[in-house]
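Be aware that the sequence shown starts at 30, since it is given in the working numbering, and climbs by one per residue.
Ideal placement from N, C-alpha and C gives every residue a C-beta, glycine not left out.
Read through the structure below, which is laid out as C-alpha cells, and then see the notes.
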Amino acid sequence: MKHAQYFAAKFIGCLALLFLFLGIGYGLSFGNVFLVALVLSAVSYFIGDMMILRKTNNLMATLSDFVLAFVVIYFMVDALTVGGELFTAALLSAVAVAVFEYIFHKYVATSGIYEAEDKTERKLNLSTEASEELFPYDKKEKDR
C-alpha cells in the first residue's frame with residue numbers, strides 16, 4: 030500500500046513540474062504532459078527507487094534519475110510533437126525532476142519503507158589462495 034502512495038506522490042510531483050516546464054514553457058498539451066509524466070514516474074519509480082536507491086545512496090540514485098528523466102522526456106516529447114527545441118526542454122525538465130527526486134529520495138529514506146521489506150545482505154568476505162610451490166610440476170619427474 031505504501032508503494033501506491035509513494036508512486037502517487039511521485040506522479041503528482043512529476044506532473045506538476047512537467048506541466049510547468051513543458052506545458053506552460055514549451056506549449057505541450059496537457060494530455061501529452063500527462064502521458065510523459067505517467068511513463069516517467071513508472072520507469073523512474075521501478076528502476077530508480079526500487080532498484081538503484083536500495084543498492085546505492087541518494088546522490089547516485091538522483092544522478093541516474095536525471096539521466097533517465099532526460100532520456101524519457103527527450104524521446105517521448107520528440108515522438109509526441111513536431112519540431113521545437115527538444116534538447117533545452119528536456120534538459121530543463123530533467124534538472125527540475127532531478128531536484129524533486131533528491132527531495133523525494135530523502136522522504137522515502139526517512140519513511141522506513143526499505144527496512145520493512147526483506148533485505149538480503151551479501152557478505153563480501155573474499156580471499157585468495159596461496160601456495161608454496163613456484164611451479165605446478167616437479168622438474169625431476171618432468172625430465173623422465
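On a Cα-Cα basis, can you pick out the residue from the options that is closest to residue i?
i	options	result
V72	F95, L46, K135	F95
F36	S156, H134, N154	H134
A138	F48, T91, F59	T91
N61	R83, A38, A108	A108
L69	G113, S122, R83	S122
A38	Y74, T85, F59	Y74
K31	F48, F59, M79	M79
Just to confirm, are residue i and residue j a CB contact at a threshold of 8 angstroms?
i	j	result
L51	L57	yes
A118	Y55	yes
F40	L67	yes
M89	I76	no
V101	L115	no
Y131	N87	yes
Can you tell me where the alpha helix (DSSP H) with residue i in it begins and where it stops?
i	result
N61	59 to 72
F40	31 to 47
V1	In the structure as shown, the chain begins at 30 and stops at 173. Residue 1 is therefore absent and cannot be evaluated.
L121	115 to 140
Give every residue of the same chain whose Cβ lies closer than 7 angstroms to the Cβ of residue i, excluding the five residues on either side of it in the sequence, and list them in chain order.
i	result
A125	L46, F50
S93	G77, I81
S140	none
A127	T91, D94, F95, A98
Skipping 5 residues on each side, what residues in its chain have a beta carbon closer than 8 angstroms to that of residue i?
i	result
L155	none
F129	G42, C43, L46
T110	L57, N61
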